[in-house]
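The block underneath contains the structure these notes are about, expressed in structure tokens.
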Amino acid sequence: RKEVEQDPGPFNVPEGATVAFNCTYSNSASQSFFWYRQDCRKEPKLLMSVYSSGNEDGRFTAQLNRASQYISLLIRDSKLSDSATYLCVVNRPGGSYIPTFGRGTSLIVHP
Amino acid sequence: DAGVTQSPTHLIKTRGQQVTLRCSPKSGHDTVCWYQQALGQGPQFIFQYYEEEERQRGNFPDRFSGHQFPNYSSELNVNALLLGDSALYLCASSSGEEQPQHFGDGTRLSIL
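Going down the list, the protein sequences come from chains X and F.
For the first sequence, the positions run 21 to 131 when our numbering is used.
For the second sequence, the positions run 4 to 115 when our numbering is used.
Quick look at the structure:
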């Protein structure tokens, strides 16, 4: 089992749709969690941190389920500009923490 | 406030050569991580530097080495280049090992 797994997609949705991505992790001792967005041939950019209580930033909601070892990202009212690859990052223990990326989930929002 | 800067942007090398990539962290950041990203994959952790020491290392051979300078900038060195080393090399900085990272634009390395 990979340390961090994501469905690569692509998720193809119309504008205005709600879409959700999950990311599972294997190490139960993992601590901090993040979602990044990466546009084609660009660097990853931090979208949001994921807190135990769940957190929301505009149309984006992130949640953490420690019991089932996954994090989720919900995007409401999808925009064309949301088309990108969404990467989850899990800081797994290893001496100090090691940032471990999933392979990313591709989202395509169409008119 | 300058973000993370990397140089060069693109680089073409041949098998067996050596390469040095450079990174200046975001102002106020003291921790630097290097990643290798192949097409269609997520970034793979190479190593992390803090206080001029390598603190963590991913599953990369000894051909990959690095350095962090007193001003927190960092270098990634790769010796005996292989075709499989062709990738986007990303540098990310943070203010601590559990803090969100900020990425540079990356160096796209092509091995011929």
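All residues carry an ideal CB built from backbone N, CA and C; glycine is no exception.
Report back the beta-carbon spacing between residue i and residue j to the nearest angstrom; my notes put them in contact at under 8 Å.
i                 : j                 : result
GLU101 of chain F : GLN83 of chain X  : Actually they do not touch by this definition, with Cβ atoms about 19 Å apart.
SER4 of chain X   : PRO103 of chain F : There is no way to answer for residue 4 of chain X, as the model of chain X reaches only from 21 to 131.
PHE41 of chain X  : TYR106 of chain X : 6 Å
ILE49 of chain F  : GLN39 of chain F  : 6 Å
ALA90 of chain F  : VAL7 of chain F   : About 18 Å; that fails the 8 Å criterion.
Give every residue of the same chain whose Cβ lies closer than 8 Å to the Cβ of residue i, excluding the five residues on either side of it in the sequence, and list them in chain order.
i                 : result
LEU100 of chain X : GLU35, VAL129, HIS130, PRO131
ALA5 of chain F   : SER27, LYS29, SER30
PRO113 of chain X : ASN47, ALA49, SER50, GLN51
Tell me whether residue i is buried or exposed, calling it buried when 16 or more other Cβ atoms sit within 10 Å of its Cβ.
i                 : result
ASP65 of chain F  : exposed
GLU55 of chain F  : exposed
LEU93 of chain X  : buried
ILE95 of chain X  : buried
ASN111 of chain X : buried
THR34 of chain F  : buried
ARG57 of chain X  : buried
HIS32 of chain F  : buried
GLY99 of chain F  : exposed
ASP77 of chain X  : exposed
ALA87 of chain X  : exposed
With a CB to CB cut of under 7 Å and the five nearest residues on each side skipped, what residues in its chain are close to residue i?
i                : result
ARG18 of chain F : LEU84, LEU85, LEU86, ILE114
HIS70 of chain F : SER77, GLU78
ASN32 of chain X : ILE128, HIS130
Closer than 6 Å by C-beta to residue i: which residues in its own chain qualify, once you throw out the five before and the five after it? Chain order, please.
i                 : result
PRO30 of chain X  : SER126, ILE128
THR38 of chain X  : ARG96
SER46 of chain X  : ARG21, GLU23
PHE121 of chain X : LEU107, VAL109
GLN51 of chain F  : CYS36, ARG58, GLN59
SER97 of chain F  : HIS32, THR34, GLN104
Compute the Euclidean distance between the alpha carbons of residue i and residue j, then round it to the nearest angstrom.
i                 : j                 : result
ASN75 of chain X  : THR81 of chain X  : 6 Å
SER103 of chain X : THR44 of chain X  : 22 Å
GLN9 of chain F   : PHE106 of chain F : 9 Å
ASP27 of chain X  : GLY124 of chain X : 7 Å
ASP81 of chain F  : ARG60 of chain F  : It is Val, not Asp, that sits at residue 81 of chain F in the sequence shown. The alpha-carbon atoms of VAL81 of chain F and ARG60 of chain F are separated by roughly 14 Å.
TYR75 of chain F  : LEU42 of chain F  : 29 Å
TRP37 of chain F  : PRO46 of chain F  : 9 Å
Three-pair Cβ contact test at 8 Å for the stretch 12–26 of chain F versus the stretch 101–113 of chain F: Contact between the stretch 12–26 of chain F and the stretch 101–113 of chain F is present, because at least three Cβ pairs lie under 8 Å.
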